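Numbering (our numbering), first residue to last: 139 to 430. In this text, a Cβ means the ideal position worked out from N, Cα and C, and glycines have one as well. Because the structure is a prediction, the values reported are computed rather than measured. Below: the structure, in structure tokens.
Set out below in structure tokens:
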């Protein structure tokens, strides 16, 4: 049976994510789609190079990349990964932050500065209580599509500490190096990993002969302000090709209260595209708060 993106994840999958803060999805992209996406990344990279917007070492970190090519738009609701997105974050979501990364080999690069962090900037301070001890709320998650061969370490892959999303702080080792429990996410072309924004993670140097190409799409609640400047031409073919659910995920709403999941009467707006889709398929679940 062909996947639609509206197949519920299992309790085991949800519990693994809640425990580890990260999930690896093998073969999320078939080879045809992966190749098309890599070609799109190469087109974007060539335009940025021609415009002189690359870093001196050839690295590209582009925010708000989704409208840059038709191939990127379908990633918003990719059938192999979208069930994890709404299954872990719910229906009142959109993409507030997405980035395209190209990291050429830097075989002689010095050890990078301490780069371990949690995503979210002020989300790591503003909601925290004094004398806490309780983990801060997730608030967002990221889906990362691997386009190049990161099946071996040393190719610039993301380093993570599974389970660290439940800790608000991270100790630096006295002698330097990575914290205890560090693992580098090794993945084949077409694989994907999904992680809680609180998961402590870091970049790693690319000392291989492989150029690292990866696409990150972050999802958060619609009442959270966007992080990226991502202007969209509402008269463009790219926008016309988007489904109602995808348009919601790109920030569309009829009015401000709709971002909070309600109409002006204060009741849940059953017409919100993703909620309506899940409801029509019997996928809302009152035992899961974000799927009520």
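Helix, strand or coil for residue i, going by three-state DSSP, please let me know.
i	result
residue 212	helix
residue 225	helix
residue 81	Not covered by the structure: residue 81. The range shown for the chain is 139 to 430.
residue 405	coil
residue 426	coil
residue 293	strand
residue 312	coil
residue 220	helix
residue 329	coil
residue 178	helix
residue 393	coil
residue 362	coil
Are there 16 or more other CB atoms within 10 angstroms of the CB of residue i, so buried, or fewer, so exposed?
i	result
residue 485	Within the shown structure, residues of the chain are numbered from 139 to 430, placing residue 485 beyond reach of any answer.
residue 243	buried
residue 367	exposed
residue 379	exposed
residue 405	exposed
residue 165	exposed
residue 335	buried
residue 229	buried
residue 280	buried
residue 326	exposed
residue 214	buried
residue 261	buried
residue 349	buried
residue 232	buried
residue 372	exposed
residue 184	exposed
My understanding is that residue i touches residue j, with C-beta atoms under 8 Å, so please give their C-beta distance in whole angstroms.
i	j	result
residue 237	residue 354	5 Å
residue 338	residue 299	5 Å
residue 239	residue 198	7 Å
residue 430	residue 422	7 Å
residue 331	residue 216	No, residue 331 and residue 216 are not in contact; Cβ-Cβ is about 14 Å, not under 8 Å.
residue 301	residue 157	7 Å
residue 292	residue 346	5 Å
residue 341	residue 253	5 Å
Quick one: is residue i near chain C, going by C-beta distance under 9 Å?
i	result
residue 282	Judged by its chain identifiers, the structure shown contains no chain C, having just a single protein chain.
Ignoring anything shorter than 3 residues, give me the beta strand (DSSP E) runs that lie fully in the region 142 to 170, in order along the chain. 160 to 163
Taking three-plus beta-carbon pairs below 8 Å as touching, is the region 263 to 279 in contact with the region 306 to 315? yes
Evaluate contact between the region 139 to 155 and the region 205 to 224, counting only Cβ atoms and requiring at least three cross-stretch pairs below 8 Å. yes
Take every Cβ of the region 255 to 268, pair it with every Cβ of the region 315 to 332, and state whether three or more of those distances are shorter than 8 Å. no
Meets three-Cβ-pair contact criterion under 8 Å: the region 163 to 183 and the region 282 to 292: Here the region 163 to 183 lies against the region 282 to 292, with 3 or more beta-carbon pairs under 8 Å apart.
Contact between the region 318 to 325 and the region 204 to 213 is defined here as three or more beta-carbon pairs at a separation below 8 Å; is this criterion met? no
Three or more C-beta pairs closer than 8 Å, one from the region 372 to 386 and one from the region 407 to 420: is that the case here? Segments in contact, yes.
Completely contained beta strand (DSSP E) runs for the region 231 to 270, where each covers 3 or more residues: 231 to 241
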